Structure formats: structure tokens, C-alpha cells
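Contents: one structure, followed by commentary.
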Amino acid sequence: MSHPIQAAAFLEDQAKSKWHDETLWFVRDKRDKISKSVPEWEQLRTLASQIKDNVLANLGSYLEEFEKNATANNIHVHWAKDAEEHNRIVLGILKEKRCKAIVKSKSILTEECHLNPYLEKNGIEVVDTDLGERIVQFLNQAPSHIVLPAIHLKKRDISEIFHEKLQTEKGNEDPDYLTHAARIHLREKFLSAKVAITGVNFGVAETGEFVVCTNEGNADMGVHLADVHIACMGIEKIIPKREHLSVFLRLLARSATGQSVTNYTSHFRSPSKGKEIHIILVDNGRTAQLARPKFKDSLKCIRCGACMNTCPIYRRSGGFSYESTVPGPIGSILSPGIDLQKHSSLPFASTLCGSCSDVCPVKINIHEQLYEWRQEITKAQPDRTKGLAMKIANGVFAVPFAYNLSGSMMRGALKILPDSITYSGLNTWGKQRDLPELPKESFKDWYKKNRK
Amino acid sequence: MNSRDLILSKIRAALLEPKDLPIIPDFESDADLKAKFIASIQANKGKVISKEEFLSLLDSGVFEKVYSHVKEFSAFSNIPFPEDAHDLNDLNLAILQGQFAVAENGAIWLEDQDMGLRALPFITEHLVIVLDSIQLVANMHQAYGRIGLKESGFGLFIAGPSKTADIEQSLVIGAHGAKSLRVVLV
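Line by line, the protein sequences are chains A and B.
Residue numbers for the first sequence follow my numbering, beginning at 1026 and rising by one.
Residue numbers for the second sequence follow my numbering, beginning at 58 and rising by one.
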């Protein structure tokens, strides 16, 4: 289904969609306030962008350097060309360790690879340990936002599912109470898991270490209690040097949630005695995106979610309306590169206002890439509905007489046309939009009268 | 071709024009580091307390099982340090020494040697980090400058207690890890 249809479904619950819109705007506002408290904010964005440009230009050698250093630190490095191979590598490690139940902290990459259903099909119990992710997992849903996975749910929804799954009191919607119930439930899981999976925020070529950021501490609870840590990392997450972490860590949490840093920032360099760390470097379409000059910069993304919080479309349509692992503006430039047909409506789910590009901590030209994707999609699918109207418009604009005539005709017609035609289902523009009040005369007529 | 070589060959086929790495300036700050650090920890929902306040807290007996990795407070340890981190599950209080901290965000740096077991700062119900107030740097650039390329198997910035806002954006302290962070600034 296309984005507009999904968005319309989201908007049916007006109170909830209004809350969604306002809550994300509040997060955006927090980001604004804290970013303005850092005098060198804009300079940091430029630095981050420049570092990422260098990364993309030297991706191969940085990955090799990372592999060499990580291997020297006793980390097992694996390479996966696609989602299927990534999943197979994870399952292979679990089988070797005779592991039947794992804990997993937030990893958009494993969502992208559909790791959970794959492991479950193979008899492995997967427990997502980020609170928001555990909530959506209970509901058999995907996260609707990359930083705030359960932002589409109200506490009433969460209270109901916790009552069913964790036997909490019926009707108790207190966030403290519900979080505490999840703490007790997940503590059990942490204590019994032999293998823990995490995502990766940054991989450092220079040291072969990788960094994971959380506020809950769930990634660390998992990996430090397990015997084996599997980290899943998209190849674009590499950065050249340790000192570059300073730039990205100053930007990441401030852009994401308006806090100065996440409460835990963990640097994994080598396993503790008797334990194992595996890291899987995943391509899954990233090298194809790297080869597209207009779109390669989308790979600079550090997954802060700021573009979602600011986007007038995302806030009013919800993450699920994008039907893509990464929703929102950044998802709308990443996903068409993976499946143009499936995601062809996403680059149009934007007003091109440019707010996404303005808040992006690594200065990705998101709105320009949205516009570029529209060109690509129109080329690939020339029969989109606006095609005929555009051809007529082309004829009208090319002939001055036709233009003058059509102008006065429309001014007359729109006055007498009943709303049922102007706002009929055939005119998608008329949905949720009002026509402006019509001028009595054309600008040309006005100019003739008033020119002195 | 194996996947490693396939990925690397596809990257090289993209033939991107070279881009230089930028030089990161120092971003000197003339802020009062101590005041800034205290404000940052408070914003992260932690607390900064004095040594006297901490001692009277310890004496009050609110913490049943205590482990101190800091010599100065080792008299308060009342459990043997286990080999297996799972045995720390009912620990009420861990006392650790931070190496240094960052004023702009309250992040305190710890390495393997400062934790004994990597799970310790997370699994404990409450966490106290002792920090020397002369060990403050202004920002993350200075922090990484100070860490340099030192090799620790695990390095950690802790900036506050475990927290979440995943239920309707309501902030809740004590998600999975420590329910409180107190920094004893000496």
C-alpha cells in the first residue's frame, strides 16, 4: 500500500495522531534548545559531515584496517553481503554455542535483516531488551521510530499488553509501575541468556573497537552477563579515528532526544577473559547506494532520528505509514535504493520544506535527495496520475492565448463548481486542503489597470 | 568470490573522489568546570554529593549488600567479590572510582581495571562513583585527547542512572541498570 493510504489510516484516531505530532515536536524543540547551548554546534555538524565524506571515499581501506585491528584484539570479524547471509552467520554462532534463547538490544540493522522471525523459525527465543522494543515485540509490531520504538502507542495500550504478558494489574497505566514490571521480567532474561546481540553506533578503524550507546543500560546488561556478544554493524558505521568519536557523540544524543549524551556509552575493544565477541559487517545494499552519486550521502546517517521528529509528514502520518524499516525523511531516501517499486511513494511523502536537512547532524541534503528520487521514480513510472494533467498544463502554458482563456475560465468555474466536485476523490489535492479565495481578476488585468 | 572480497570490490568500483579528514579544533571553554559538571549530572538525573554526605548515607544502613572497588571505602564492602557476574544480581550498592569526567555532559570514564567485572556498574541496584574534582575536562574532545589510544578491553562513559522514556515519553529512572547514580566529588 502507498504512503497516503497508510497515513490516512493513522489519522483516523485524531486524538492519538495529534498527541504523536505534538510529542515529536516537543522532542524536536528539546533538540533545538540543547543545540543552541553549544556555541560550536554548526562547526560540529560540518566536521561530522566532512569526516563522513572521508569515510565514504575510503570505506574499503577503513574496513580492512578495522578488521585487522579487531582481529588482533581477539574479536571475530564476519562479512555478510546481504540480510540472508547476516542471519545465517548469527544462527551459525548460536548453533555452535548450543544456544536456544538470546537477548538483543536495539539494532535497526537486525530489523532491516528480519533477524527475529528468521531465528524464531529456527527455534531460537529472541528477547528484545530495550523497553520500547520489548513493548512492540509483545504486540508483534516493528518499531515505528528508530529512537522511540513505541512512540505510536499510548500508556493504555502498553498497560493492556503488559497485563496480558506480564500479569500487571489491569488498568494500571503508571509508567513507573509498568517499567518496573518490565525490569523484573527482563532481569530474568539477562541472567539466563548465553548469547547477547547488540547493534553498533560507531566502529573505529584505528583501534578495532566499536561503540554502543544506550540510556537504559540494556545492551551492557546483556553482553556482560552472556558468554558471547554478537554485534551487527552496517559497513557505513565505520569512522577513522578514536578522536572522531568526540564529534559524533556530541551530536548524536543532542540531535536524537535533546540530552547532552546517553547515560551509557560503551567501548568494546576486546572480550573479557573466557568470553567471545563477534562482529558482523553487513552490506545489504549499501555498496549499491555508494555507487549512486546523487544518493551516496544518505550513507552518512548516524540514525539519530532528528529528521523524523521535525518532519511535518512523519509527525502526522506515523512510522508505520512508510512500510520501511527506517521511516521518515532519511528512510525515504534510503529505502528506494533497496526496492524502488515497493517504496516509490516515499519520496513524495514530503513537503520538501527542508527541515530534515536543517537538523541533520551530518548535514545530509535529505530534501534534495527526496526531490532527486522523485525524478528517478517519474522516469521509471511515467504513468503516475499527475501525468495527464501535466501534459495539458504544458500545452496551456506554451500558448499565451490558451493561458489567458483558461485563467478566466477557471476563476469563473471554481466559483460555481460545487465542493463535491472540487473535493471529490478524483482530486487528491483537495484532500485536507482548501482552495484559497479566488482573485476577481488576473494579475495581468490588474497590472494593465494600475500601470502608470 | 567470498563476501569480504565481494563487498570490498564493490566499494572500490564506486570510485569516489578523495576527501581529506578535517582537523578538529580544541574548542576551548572558560566555563567553571565543576559547576558545569554538577549541572550536567543533575540534568542526567544523577546526584553529586560530598564525602560527608556519602559517609552518613553508608552509616544509615539503607544498603544491605555493598561492594567497594575503591580502597578508601573498602571497609564498607560486606560481600566477597565473585568470579561470576551473575552472583552480583542482589548487590545493593557498588562503589567505583572514576578516572576523569566531562563537564559538558557529566560523562565519567571507567576502564576494566576500575570495574573488576564489566557487569558491575549495570547490575548493581545503586551506583556511587568517586571522582577527584581536579579530574574534570571541558568537553568530549579533551576527553578523547586524555584517553588517547590507551588499551582497555572495555571503556565506559557513565553519565547517569539507567533511564527510559519509552512509555508515552514519561521519564522513568531505573530501567534495567542502576536505579541511581551518586557522584562523590572529592
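Using N, Cα and C, we set each Cβ at its ideal position, and we do this for glycine too.
In this text the structure is predicted, and so the values were computed from the model without any measurement.
For K1416/A, the closest Cβ of chain B is not nearer than 8 Å. Using a Cβ-Cβ cut-off of 8 Å, P218/B is close to N1288 of chain A, given in chain order. Taking the Cβ atoms as the reference, I1171/A lies roughly 17 Å from I1222/A, outside the contact range of under 8 Å. Of the candidates N1226/A, E1241/A, F1235/A, E1241/A places its Cα closest to the Cα of K236/B.
The beta carbon of A151/B sits closer than 6 Å to the beta carbons of Y124, L177, T181, L184 from its chain, once the five residues preceding and following it are set aside; these are given in chain order. For the region 1246-1259 of chain A, the set of positions with a beta-carbon nearer than 7 Å to some beta-carbon of chain B reads M1246, H1249, L1250 in chain order.
Taking the beta carbon of T221/B as reference, the chain A residues within 7 Å of it are L1156, T1204, N1240, E1241, listed in sequence order. Less than 8 Å separates the beta-carbon of C1329/A from that of A1281/A. For F111/B, the uninterrupted alpha helix (DSSP H) segment begins and ends at 108-116. Just so you know, the alpha carbons of G210/B and D223/B end up roughly 31 Å apart. Residue burial is scored here from C-beta neighbours: H143/B has fewer than 16 other C-beta atoms within 10 angstroms and is therefore classed as exposed. Q1166/A is outside the set of residues whose beta carbon lies under 8 Å from a beta carbon in chain B. The C-beta of R1056/A comes no closer than 8 Å to any C-beta of chain B. Under the 8 Å criterion on CB atoms, P1200/A is classed as interfacial with respect to chain B. Fewer than three beta-carbon pairs drawn from the region 1105-1124 of chain A and the region 98-112 of chain B are found closer than 8 Å, and the two stretches are therefore not classed as touching. A straight-line Cα-Cα distance of about 5 Å links V1220/A and V1253/A. For a Cβ distance threshold of 7 Å, residue set L206 of chain B lies close to T1232/A, ordered along the chain. The DSSP-derived three-state label of Q1400/A is helix. For L177/B, the enclosing alpha helix (DSSP H) begins and ends at 177-180. With a threshold of 8 Å between beta carbons, F1293/A makes contact with chain B.
The criterion of a C-beta distance shorter than 8 Å is satisfied by I1355/A and C1332/A. In this structure, the straight-line span from the alpha carbon of F130/B to that of G155/B is close to 14 Å. Judged by DSSP in its simplified three-state form, D1252/A adopts coil rather than helix or strand.
At a cut-off of 8 Å, the C-beta of V187/B has no neighbouring C-beta in chain A. Residue range 1028-1036 is occupied by the alpha helix (DSSP H) that includes Q1031/A. Non-local beta-carbon contacts of N1147/A in its own chain, meaning distances under 6 Å to residues more than five positions away in sequence, involve L1116 in chain order. Taking C-beta atoms under 8 Å as the contact rule, A158/B and L193/B qualify, at a distance of about 6 Å. Per the C-alpha coordinates, the member of D1153/A, G1283/A, I1302/A positioned closest to L1049/A is G1283/A.
Chain-order list of chain A residues neighbouring N146/B: L1216, by C-beta distance under 7 Å.
Take the alpha-carbon of W1471/A and the one of D1459/A: they are about 24 Å apart.
With a contact defined as Cβ atoms closer than 8 Å, N1288/A and G217/B qualify at about 4 Å.
When the five nearest sequence neighbours on each side are left out, the beta carbons in the same chain lying within less than 7 Å of the beta carbon of S97/B are those of A160, E161, N162, G163, in order along the chain.
Residues of the same chain with a CB within less than 6 Å of the CB of S1382/A, apart from the 5 flanking positions on each side, are N1390, I1391, H1392 in chain order. Within the same chain, Cβ atoms closer than 6 Å to the Cβ of D1322/A are found at I1389, the five residues on either side in sequence being excluded. Beta-bridge annotation (DSSP): A1221/A is paired with V1128/A, H1254/A. The contact set of V1272/A on chain B, defined by CB atoms closer than 7 Å, consists of I81 in chain order.
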